[in-house]
Structures are given as C-alpha cells and as structure tokens.
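Worksheet: one structure, shown below.
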Amino acid sequence: MKTVLAYSGGLDTSICIKWLQENYNTDVITLTLELGQQIDLKKIEEKAKKLGASKTYSIDVRDEFVDNYIIPAIKANAMYEGKYPVSTAISRPLIGKWLVEIAEREKADAVAHGATGKGNDQVRFELAVRALNPKLRIIAPAREWDLNRDRAIGYAEEHEIPIGSRSRYSIDENLWGRSIEAGPLEDPMKKPEEEVFVWTSAPEKAPDRPEKIEIEFEKGIPVGLNGEEIDRVGLIQKLNEMGGKHGIGRIDMIEDRLIGIKSREVYECPAAVILLEAHKELERLVLTREENLFKESIDRKWTQLVYFGQWYEPLKKDLDAFIDRTQRMVTGRVAMELYKGNARVVGRGSPNSLYDLGLATYDKKDRFDHKLAEGFIRLWGLPSEIAGRRRRRNWKRT
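Residues in the sequence shown are numbered from 1 upward in steps of one, following the working numbering.
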C-alpha cells in the first residue's frame with residue numbers, strides 16, 4: 001500500500017508518518033508545498049526521510065497559488081463574515097489537487113492529511129480529493145486517533161520524533177495570511193498577547209506618519225505598485241511587509257465554522273486587507289449601481305462556498321464566470337494611506353470611470369438638470385403615495 005501525506009514538517013504531520021506505517025502498514029510519500037510560508041524545503045524533506053518516508057516531494061507553487069486562487073479571491077472581494085480573507089481556505093483545494101496529482105503519479109492507494117475532526121480543513125481537503133479522484137482512499141489520522149496536543153507530544157517522545165517548537169498556538173501561514181488559534185486564544189475575552197503577532201506591528205508602535213501607496217489594477221488583477229510593474233507574488237510580499245509595518249491586517253473574530261461551532265480566530269493579513277479594500281473601491285468607480293449591488297450577493301456566496309470547502313462545486317464555476325465578466329472594466333489606480341492599523345483609500349481613477357464631474361459637481365460647471373428631479377421623485381414615490389391614500393381611507397372608515 002502507498003499513501004501520499006500532506007506534510008508540513010510540524011509535529012502533527014510528523015507523527016502521522018509513523019502512525020500511518022504502524023496502523024496501515026503503508027509506504028508513506030510526503031508532499032510539501034511552498035505557499036509563501038518561507039520554509040526550508042530541503043530540511044523538511046530530510047526530516048520526513050529520517051522519520052521513515054519512502055519518498056518526498058517538495059514543490060514551490062506560489063505562482064500557481066496567486067494566479068489560480070488568490071486572484072479569484074480578490075476579484076470576488078472574498079471576506080468571510082465580512083472579516084476573514086479566506087487565506088487558509090483557498091490554500092486547501094490547491095493542496096488537495098497536488099495530493100491527487102502525486103498519488104496518481106505514484107500509483108498510490110490513499111492520501112492522508114493532519115486535520116482534526118472538528119476543523120474546517122478536513123472538509124476542504126477531502127472535498128477536493130473526492131471531486132478530482134473519488135477512487136482514492138482518504139486517511140485522517142488525527143480524526144481516527146482523536147488526537148490532542150498532549151497525546152501528540154507523548155507519541156512523539158515515545159517514538160523519538162523531534163517535537164520542535166512547543167508553541168501554545170496552532171499556526172498556519174501562506175502568502176495571503178497567517179492564522180493563529182488555540183491556547184490562550186480559546187478564551188474569547190482574553191486579548192491576544194503580542195507574541196501572537198509576527199507579521200504586524202502593534203498599531204500604537206507603528207510609524208507616526210502615514211505612508212502613501214498607489215496600486216494599479218488591470219481587469220481586476222493587481223499589476224503595479226507605486227508606478228512600477230511588479231510580479232504578483234512580489235507585489236503581495238511587498239504589501240505584507242509595508243502593511244505589517246503600519247499594523248494593518250490584524251483580525252480578531254468569532255468565526256462560524258462550517259461544522260456548526262463557533263471559534264475564536266486571530267489572523268494577520270496585511271496584503272489581503274489592503275488589496276481587497278482597493279479592489280472594492282475601484283469596482284465602485286467603474287461598475288454600475290446595479291452591478292455593484294448584485295455582485296455583493298455573488299461575492300458573499302462565492303466566499304461561503306470557498307470557506308465551506310466547495311472549490312470544485314459547479315456553482316462556484318458559474319459564479320466565477322459572472323465575476324470575471326464584471327472585471328473587464330476594473331482597470332485603474334487606487335491611492336491609499338497606510339497609518340496606525342488602517343488602510344484608507346484617498347484617491348481612485350480609471351479610464352472606465354462612471355464618475356461624471358459635470359453631473360456630480362455643485363459649482364458653476366454643474367450640467368445636471370435639476371428640474372427633472374421633481375417628476376422623477378413623483379413617479380418613484382407613486383406606489384408609496386397610492387398605498388398612503390388607501391391607508392388614509394381605511395383610517396376614516398374606522
């Protein structure tokens with residue numbers, strides 16, 4: 001038997017190698033993806049081999065992650081429950097895709113992951129795998145074993161598996177964000193200690209002067225920063241650095257997990273917060289009122305599907321088609337100020353702008369025919385007026 005394990009190099013997936021061998025008598029092939037977490041792929045491969053992996057794969061997929069997962073999230077203004085930029089959620093279908101690809105290449109019987117039985121990731125991994133190759137068996141050691149932190153450490157010590165950092169927190173990171181949960185954060189009234197944050201400065205310790213930046217978009221895709229064209233991975237990395245310096249992107253929320261429980265989650269997502277705010281503002285400039293109002297509902301449904309692990313749901317593809325259609329006009333520049341935890345839009349411009357100064361201004365250049373408003377108001381309010389007449393008639397009868 002052969003099993004491909006999604007391997008991060010951390011404690012949980014490290015003990016999975018030994019556990020799979022003991023409980024399934026299987027050869028374990030590890031798969032590690034570079035998604036922007038700045039890991040040493042060679043060291044992780046060496047660790048996996050020492051733990052008994054028969055073969056290892058390490059692949060840098062940052063370009064694929066940005067082009068096929070982050071860019072669609074930007075176009076959809078993806079913020080789950082209005083706060084979380086789905087940074088972890090969009091990485092899971094990509095990992096699932098590569099699990100299937102390596103499993104097929106190696107003629108493996110199964111794939112495995114380290115997600116627990118009450119988290120979102122188990123659903124995201126498994127829906128992706130089943131959509132792409134339902135014949136593959138899926139093994140979830142942490143779920144089968146009912147694994148907790150103490151049990152994991154005990155098993156690691158018993159089998160001489162390096163434990164590494166004994167952090168009080170569970171952490172996941174990629175280009176689009178860093179998530180922190182568990183430990184002291186499980187008390188929703190407890191303020192996160194400063195040790196939780198790595199990417200962002202405390203806003204009160206951020207620079208005392210705002211930093212102005214300008215982001216250029218082409219058909220909904222960020223392509224330039226401060227007048228310079230920059231590759232997409234580099235642009236996101238740069239905005240994480242710039243935003244983090246100014247304390248932007250700290251998120252602390254009670255989140256509704258897809259399995260039905262509430263969870264306290266803390267995130268650091270500087271680039272995501274900046275780019276999503278800029279993109280949304282540019283849409284306000286170039287899309288019609290009806291497009292913007294309707295797209296809000298489409299964006300919300302797209303984000304929910306992705307959060308719930310339904311990346312390969314046909315409806316998502318349908319929504320992608322609508323969203324991509326709207327992005328034809330989303331070309332232009334957005335000026336922002338980064339200051340003390342806030343990313344504020346201070347200017348926007350586009351060759352496709354629907355803003356007409358002659359209609360919007362109140363000075364002598366005003367070209368709006370004010371006399372038209374009287375008739376418009378009368379017609380617009382006619383249904384309410386007629387209903388009001390009926391209401392008054394009924395009052396008189398009583």
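Glycine included, every Cβ here is placed at the ideal spot set by N, Cα and C.
None of these values were measured; they are calculated from a predicted model.
Which listed residue (the options) has its alpha carbon closest to that of residue i
i	options	result
ALA156	TRP380, ILE15, ASP356 and SER353	ILE15
GLY10	HIS113, VAL129 and PHE197	HIS113
VAL273	GLU296, THR3 and GLY82	GLY82
ALA110	LEU235, GLU296, ARG393 and ASN133	ASN133
LEU258	PHE368, LEU305 and GLY244	LEU305
ASP256	VAL28, ASN23 and TYR80	TYR80
ASP4	PRO141, TRP311, ILE70 and ASP324	One detail in the question is off: residue 4 reads as Val in this sequence, not Asp. Out of PRO141, TRP311, ILE70 and ASP324, PRO141 has the C-alpha closest to the C-alpha of VAL4.
VAL302	TYR69, LYS205 and SER54	Reading off the sequence, residue 302 comes out as Trp, not Val. It is TYR69.
PRO162	SER54, ALA48 and PHE65	ALA48
ARG143	LEU275, ASP12 and ALA321	ASP12
Three-way DSSP call (helix, strand, coil) for residue i in this model
i	result
ASP231	coil
LYS135	coil
ARG348	strand
PHE217	strand
ILE251	strand
SER14	helix
ASP63	helix
TYR7	coil
LEU399	Any question about residue 399 goes unanswered here, given that the chain covers just 1 to 398.
LEU372	helix
ASN174	strand
ILE29	strand
ASN394	helix
VAL266	strand
SER58	strand
Residue interval of the alpha helix (DSSP H) (run including residue i)
i	result
LEU319	314 to 326
VAL306	289 to 307
GLY332	It is not in any alpha helix (DSSP H) - GLY332 instead sits in the beta strand (DSSP E) that spans 332 to 339.
ARG105	92 to 105
ALA110	Careful: ALA110 lies outside any alpha helix (DSSP H), inside the beta strand (DSSP E) at 110 to 112.
ALA48	41 to 50
Cβ pair residue i, residue j closer than 8 Å
i	j	result
ALA139	LEU20	It should be noted that the sequence gives Ile, not Ala, for residue 139. Yes, the Cβ-Cβ distance between ILE139 and LEU20 is below 8 Å.
THR414	THR30	No statement about residue 414 is possible, as the shown extent of the chain runs from 1 to 398 and does not include it.
GLY247	ALA182	no
LEU282	LEU354	no
LEU175	VAL86	no
Interface flag, residue i vs chain E, CB-CB below 8 Å
i	result
ARG378	The question asks about chain E, but that chain is absent: this structure has only one protein chain.
Proximity test, residue i beta-carbon vs the ligand HEM heavy atom, cut-off 7 Å
i	result
ASP146	This structure simply doesn't include the ligand HEM, nor any ligand for that matter.
Report task. Take every Cβ of the stretch 87 to 94, pair it with every Cβ of the stretch 116 to 135, and state whether three or more of those distances are shorter than 8 Å. Result -> yes
Query raised in the report: Looking at C-beta atoms only, is the number of pairs between the stretch 209 to 224 and the stretch 332 to 351 that lie closer than 8 Å three or more?
Result: yes
Requested in this report: Decide if the stretch 179 to 198 is in contact with the stretch 258 to 270; the criterion is three or more beta carbon pairs, one per stretch, under 8 Å apart.
Outcome: yes
Report task. Determine, using beta-carbon pairs with one atom in the stretch 361 to 371 and one in the stretch 342 to 350, whether at least three such pairs fall under 8 Å. Result -> no
Query raised in the report: Using 8 Å as the threshold, is the stretch 237 to 252 in touch with the stretch 192 to 207, meaning 3 or more CB pairs across them?
Result: yes
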